[in-house]
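Visitor: Chains as they are written, first to last, in our numbering: chain A, 25 to 162; chain B, 34 to 241. Backbone N, C-alpha and C define an ideal beta-carbon position, used for all residues, glycine too.
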Amino acid sequence: MSRSSRSAEPRAMDPRQAHGHDRGDRVPHASLKGYLTGFVLAAILTAIPFWLVMDHVVHDKDVTILIILALGAAQIVVHMVFFLHMNTTSENGWNMLALIFTLVLVVIVLGASIWVMYNENANMMPMSPQYAHRKTSW
Amino acid sequence: MNTTAGETVKSAAPAFYCTEEPHPQNGALLGFWIYLMSDCFIFAALFACNAVLGGSYAAGPSAKDVVDLPGLAINTALLLLSSVTFGVAMLAMAKDRGRATLAWLAVAGVLAAGFVGLEIREFIHMVAEGAGPDRSAFLSSFFTLVGTHGLHVTFGIIWLITLMVQVGKYGLTADNRRRLNCLGMFWHFLDLIWVGVFSFVYLVGVLR
Numbered sequence: 025m026s027r028s029s030r031s032a033e034p035r036a037m038d039p040r041q042a043h044g045h046d047r048g049d050r051v052p053h054a055s056l057k058g059y060l061t062g063f064v065l066a067a068i069l070t071a072i073p074f075w076l077v078m079d080h081v082v083h084d085k086d087v088t089i090l091i092i093l094a095l096g097a098a099q100i101v102v103h104m105v106f107f108l109h110m111n112t113t114s115e116n117g118w119n120m121l122a123l124i125f126t127l128v129l130v131v132i133v134l135g136a137s138i139w140v141m142y143n144e145n146a147n148m149m150p151m152s153p154q155y156a157h158r159k160t161s162w
Numbered sequence: 034m035n036t037t038a039g040e041t042v043k044s045a046a047p048a049f050y051c052t053e054e055p056h057p058q059n060g061a062l063l064g065f066w067i068y069l070m071s072d073c074f075i076f077a078a079l080f081a082c083n084a085v086l087g088g089s090y091a092a093g094p095s096a097k098d099v100v101d102l103p104g105l106a107i108n109t110a111l112l113l114l115s116s117v118t119f120g121v122a123m124l125a126m127a128k129d130r131g132r133a134t135l136a137w138l139a140v141a142g143v144l145a146a147g148f149v150g151l152e153i154r155e156f157i158h159m160v161a162e163g164a165g166p167d168r169s170a171f172l173s174s175f176f177t178l179v180g181t182h183g184l185h186v187t188f189g190i191i192w193l194i195t196l197m198v199q200v201g202k203y204g205l206t207a208d209n210r211r212r213l214n215c216l217g218m219f220w221h222f223l224d225l226i227w228v229g230v231f232s233f234v235y236l237v238g239v240l241r
């Protein structure tokens, strides 16, 4: 469906032709089918992690966490493709370039923070015993 | 004599500038996309904070004690539906149906307002229980991240109402279409961030 709507609008390919009559509403290949597909996929990808947590389906906590994070990442891709209409050709690829740049920096910020702070915590002085028991006693 | 010589030199000289301005198809949309990417950094920093401080309960409540999972599911559904409804409004706009566009925008706005309302209710409930942002590092990072997202949605609703008034007054002009497209990106982007919030902060928070 993306191909057909693209070829139906040849002026979008030529910046000089788009010059005069730019209505500012060219969202590439937006369609009701696309939104509904995105909605169904997002709903499924949302329902599974809720089900995993609420019904304690998987007994291993770490496995559950990994599944939730993987499904979250998949859902973010679904939102990008079906709702934000990301592709490698929109705005001559500048959208994708900005996104990749952001992703690289976000990975550095998140990964390095978690890594550094985890080691910081692990190397802290041990907690004094009179406070240690309160941590779990809420 | 001099002028002709000057002109020939001028025409033969290499041009170091574009004779025709390179005209982006839609500079506003690309610019707004770059704003959204910078907004990503704000959220990335807050997510990093939550990842680091999420286990520092200071003998206070943990995520397990404060998270209401059914309420969270309703909230998530409201925001997702709002995102899809906004998309339908954009489709109506592409077909030049002004009234349908306004109607769908109103539905999207009401759904988002429901989301913000439920979130405020959750916050008030938590503060009343003594689980306010001043209780522990975990709760500080929780309120900052979720609150920043909620504030974005709130401003999105204000922007939506502004544009609905604009469209009602002037119709689907080129300017209004461009603004609605930008707001649409903002709207879908906030739903995307919410995926990270409910997955990582709430569901993983409950587990750890």
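Taking beta-carbon pairs under 8 Å, can you tell me which members of the stretch 99-118 of chain A lie near chain B?
Guide: Under the 8 Å Cβ criterion, the stretch 99-118 of chain A contributes 99, 100, 103, 104, 107, 108, 115 and 118.
Visitor: Under a Cβ-count criterion, where at least 16 other Cβ atoms within 10 Å of its own Cβ denotes burial, should residue 103 of chain A be classed as buried or exposed?
Guide: Flag for residue 103 of chain A reads buried.
Visitor: For residue 175 of chain B, which residues of its own chain have a beta-carbon under 7 Å away from its beta-carbon, when the five flanking residues on both sides are left out?
Guide: These residues qualify, in order along the chain: 83 and 234.
Visitor: Determine, for residue 141 of chain A, whether the minimum Cβ-Cβ distance to residues of chain B falls below 8 Å.
Guide: Yes, residue 141 of chain A counts as interfacial toward chain B.
Visitor: Could you tell me the distance, in whole angstroms, from the CA atom of residue 128 of chain B to the CA atom of residue 204 of chain B?
Guide: So the alpha carbons of these two residues sit roughly 13 Å apart.
Visitor: Taking three-plus beta-carbon pairs below 8 Å as touching, is the stretch 62-80 of chain B in contact with the stretch 208-216 of chain B?
Guide: Yes: the two stretches touch, three or more of their Cβ pairs being nearer than 8 Å.
Visitor: For the stretch 77-95 of chain A, which residues have a beta carbon sitting closer than 8 Å to at least one beta carbon of chain B?
Guide: Those would be 77, 78, 85, 88, 89, 92, 93 and 95, in chain order.
Visitor: In chain order, what residues of the same chain have a beta carbon less than 7 Å from the beta carbon of residue 140 of chain B, not counting five sequence neighbours either side?
Guide: Closer than 7 Å at Cβ, skipping near neighbours: 118.
Visitor: Taking CB distances under 8 Å as the criterion, tell me whether residue 70 of chain A reaches chain B.
Guide: True, the Cβ-Cβ gap to chain B drops below 8 Å.
Visitor: Touch check for the stretch 90-100 of chain B and the stretch 177-196 of chain B: three-plus C-beta pairs under 8 Å?
Guide: Output reads no: the stretch 177-196 of chain B does not touch the stretch 90-100 of chain B.
Visitor: Just to check my reading of the structure: residue 147 of chain B and residue 193 of chain B have Cβ atoms closer than 8 Å, yes? What is that Cβ distance to the nearest angstrom?
Guide: In fact, because the Cβ distance is near 14 Å, the residues do not count as touching under 8 Å.
Visitor: Quick one: Cα of residue 228 of chain B to Cα of residue 49 of chain B, how far?
Guide: So the alpha carbons of these two residues sit roughly 48 Å apart.
Visitor: Along the stretch 103-123 of chain B, what residues have a CB closer than 7 Å to any CB found in chain A?
Guide: Per Cβ criterion, the list reads 106, 109, 113, 116, 117, 120, 121 and 123.
Visitor: Quick check: residue 105 of chain B and residue 231 of chain B, are their CB atoms within less than 8 Å of each other?
Guide: Result yes, Cβ atoms of residue 105 of chain B and residue 231 of chain B sit closer than 8 Å.
Visitor: Is the Cβ-Cβ distance between residue 97 of chain B and residue 200 of chain B less than 8 Å?
Guide: Taking 8 Å as the Cβ cut-off, residue 97 of chain B and residue 200 of chain B do not qualify as a contacting pair.
Visitor: Residue range of the alpha helix (DSSP H) that residue 203 of chain B falls in?
Guide: Where residue 203 of chain B is concerned, the enclosing alpha helix (DSSP H) stretches over 170-203.
Visitor: Just the C-alpha distance for residue 60 of chain B and residue 121 of chain A, rounded to the nearest angstrom, thanks.
Guide: Distance between the alpha carbons of residue 60 of chain B and residue 121 of chain A is about 15 Å.
Visitor: If residue 88 of chain B sits next to residue 241 of chain B, beta carbons under 8 Å apart, how far is it from one beta carbon to the other, in whole angstroms?
Guide: Right, the Cβ-Cβ distance comes to about 7 Å (below 8 Å), so this counts as a contact.
Visitor: Counting only runs of 4+ residues fully inside the stretch 76-130 of chain B, write out the alpha helix (DSSP H) ranges in chain order.
Guide: DSSP runs (the alpha helix (DSSP H)) wholly in the stretch 76-130 of chain B: 96-99 and 102-127.
Visitor: Against chain B, does residue 54 of chain A count as a neighbour if the rule is that its beta carbon must be under 8 Å from one of theirs?
Guide: So, interface residue.
Visitor: Name, please, each residue of chain A whose Cβ falls closer than 7 Å to the Cβ of residue 153 of chain B.
Guide: Neighbours of residue 153 of chain B on chain A: none; closest Cβ ~22 Å, over 7 Å.
Visitor: Return the residue from the list A:88, A:111, A:59 and A:84 that minimises the CA-CA distance to residue 73 of chain A.
Guide: Here the closest residue by C-alpha is A:88.
Visitor: I want to see whether chain A comes within less than 8 Å of residue 188 of chain B, judged by CB atoms only; does it?
Guide: No - not a single Cβ of chain A is within 8 Å of the one on residue 188 of chain B.
Visitor: Pick out whichever of A:137, A:61, A:136 and A:126 has its Cα sitting closest to the Cα of residue 20 of chain B.
Guide: With chain B running from 34 to 241 in the structure shown, residue 20 of chain B is simply not present.
Visitor: Does DSSP put residue 81 of chain A in a helix, a strand or coil?
Guide: Here residue 81 of chain A sits in coil by DSSP.
Visitor: Given a cut-off of 8 Å on the beta-carbon distance, is the pair residue 197 of chain B and residue 114 of chain B in contact?
Guide: Cβ distance not < 8 Å, so residue 197 of chain B and residue 114 of chain B don't count as in contact.
Visitor: Relative to chain A, which residues along the stretch 218-240 of chain B have a C-beta separation below 8 Å, given in chain order?
Guide: The residues in question are 218, 221, 222, 224, 225, 228, 229, 231, 232, 233, 236, 237, 239 and 240.
Visitor: Taking buried to mean at least 16 other C-beta atoms within 10 Å of its own C-beta, is residue 148 of chain A buried or exposed?
Guide: Per the 10 Å Cβ criterion, exposed.
Visitor: Output, in chain order, the set of chain A residues within a Cβ distance shorter than 7 Å of residue 85 of chain B.
Guide: Chain A residues near residue 85 of chain B: 137, 138 and 141.
Visitor: Within this structure, are the beta carbons of residue 99 of chain A and residue 71 of chain A separated by less than 8 Å?
Guide: No; because the gap between Cβ atoms is not below 8 Å, this pair is not in contact.
Visitor: Can you grab the Cα-Cα spacing for the pair residue 177 of chain B / residue 132 of chain A, in whole Å?
Guide: Looking at the two C-alpha atoms, the distance is approximately 21 Å.
Visitor: Return the CA-CA distance between residue 146 of chain A and residue 85 of chain A, expressed in angstroms with no decimal places.
Guide: About 21 Å.
Visitor: Taking 8 Å as the threshold (beta carbon to beta carbon), is residue 66 of chain A in contact with chain B?
Guide: So yes, residue 66 of chain A belongs to the interface.
Visitor: Consider the Cβ of residue 146 of chain A: report whether some Cβ of chain B lies at a distance smaller than 8 Å.
Guide: Cβ-Cβ to chain B under 8 Å: no for residue 146 of chain A.
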